[in-house]
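Take a look at the structure below.
Numbering (the working numbering), first residue to last: 371 to 620.
Written out as structure tokens, the structure reads:
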């Protein structure tokens with residue numbers, strides 16, 4: 371039997387989602403708790419992977435059980451065993467062929483920037499004290515939607531077979547005391563969002579023109595794009611599946 375689990379986490383204490391030798395990851399912690407509580411080995415397949423320090427407000431993973439071990443209070447008991455920085459929100463029974471990664475239509479990330487020093491946001495957002503031209507940064511974000519090959523924003527030495535991504539939305543907005551960059555695409559490359567944000571900030575600081583940004587994307591050269599901004603300001607906020615996906619499969 372196959373299930374989808376919806377969960378969230380603060381990424382500060384973890385080396386990302388995916389299991390790694392000699393490192394604490396979200397996948398490792400969740401699998402240990404699931405396996406212990408359900409009394410059978412549980413292996414989770416995530417909708418995507420986040421890098422070290424990145425947060426997820428909504429992420430899904432699927433897992434299989436040889437026998438139905440879920441009870442009415444399973445979610446409550448899972449959360450009791452999990453650390454405070456990981457929470458399980460829902461578990462759906464799905465069709466045997468349902469896949470958390472391959473059935474996802476798009477993912478949405480937010481990146482938070484603050485421009486005033488605030489002790490309460492230092493671990494949740496990136497502090498940029500210089501003035502930023504947000505209108506120009508939005509022009510640059512709109513420019514990106516005219517491209518599909520984002521090799522220039524991909525982490526070097528990755529094993530991906532294609533750098534093609536379809537960005538559906540990319541925009542900066544003022545949200546009280548912070549700037550929030552929201553970006554939605556069918557898929558993302560490793561480090562892509564943080565590299566894009568770092569590049570757009572260079573545009574906002576007047577260090578890169580829109581013409582130069584065109585040249586950076588066309589070059590496919592990571593060294594020509596901006597630096598990657600810190601992981602602490604990045605949040606995976608939504609994973610979208612086909613309409614009525616859970617109702618049809620549940």
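By construction, the Cβ of each residue, glycine as well, lies at the ideal position given by its N, Cα and C atoms.
Alpha-carbon to alpha-carbon, residue j and residue i
i, j, result
"residue 525", "residue 547", "31 Å"
"residue 550", "residue 415", "29 Å"
"residue 503", "residue 575", "7 Å"
"residue 514", "residue 489", "33 Å"
"residue 450", "residue 562", "34 Å"
"residue 436", "residue 534", "37 Å"
"residue 319", "residue 432", "With the chain covering only 371 through 620, there is no way to say anything about residue 319."
"residue 380", "residue 584", "34 Å"
"residue 331", "residue 443", "Here the chain covers residues 371 to 620 and nothing more, so residue 331 does not appear."
"residue 581", "residue 374", "44 Å"
"residue 555", "residue 587", "17 Å"
"residue 566", "residue 552", "11 Å"
"residue 410", "residue 404", "8 Å"
"residue 462", "residue 453", "22 Å"
"residue 384", "residue 423", "6 Å"
"residue 505", "residue 446", "45 Å"
"residue 455", "residue 429", "14 Å"
"residue 417", "residue 609", "8 Å"
"residue 419", "residue 471", "10 Å"
Secondary structure of residue i, DSSP reduced to three states
i, result
"residue 613", "coil"
"residue 541", "strand"
"residue 463", "strand"
"residue 428", "strand"
"residue 387", "coil"
"residue 530", "coil"
"residue 444", "helix"
"residue 451", "helix"
"residue 375", "strand"
"residue 404", "helix"
"residue 496", "strand"
"residue 472", "coil"
"residue 520", "coil"
"residue 483", "strand"
"residue 457", "strand"
"residue 415", "strand"
"residue 620", "Unreliable placement is indicated for residue 620, whose pLDDT of 44 sits below 50; the coordinate value is still reported in the next sentence. Coil at residue 620, not helix or strand."
Exposed unless 16 or more other CB atoms sit within 10 angstroms - verdict on residue i
i, result
"residue 579", "exposed"
"residue 402", "exposed"
"residue 507", "buried"
"residue 516", "exposed"
"residue 593", "exposed"
"residue 475", "exposed"
"residue 597", "exposed"
"residue 496", "buried"
"residue 395", "buried"
"residue 512", "exposed"
"residue 412", "buried"
"residue 540", "buried"
"residue 614", "exposed"
"residue 501", "exposed"
"residue 473", "buried"
Inter-residue CB distance, residue i and residue j (contact presumed, cutoff 8 Å)
i, j, result
"residue 426", "residue 559", "Going by Cβ atoms, the distance from residue 426 to residue 559 rounds to 17 Å, so no, they are not a contact pair."
"residue 602", "residue 519", "So it is not a contact: roughly 28 Å between Cβ atoms."
"residue 372", "residue 439", "In fact, because the Cβ distance is near 14 Å, the residues do not count as touching under 8 Å."
"residue 571", "residue 498", "6 Å"
"residue 564", "residue 604", "6 Å"
"residue 397", "residue 406", "Contact flag wrong, Cβ pair sits at about 15 Å."
Any non-hydrogen atom of the ligand MN within 7 Å of residue i CB
i, result
"residue 405", "Looking at this structure, you won't find the ligand MN or any other ligand, since it has none at all."
My parser needs the alpha helix (DSSP H) runs of 4 or more residues fully inside the region 544-610; what are they? 562-574, 580-589
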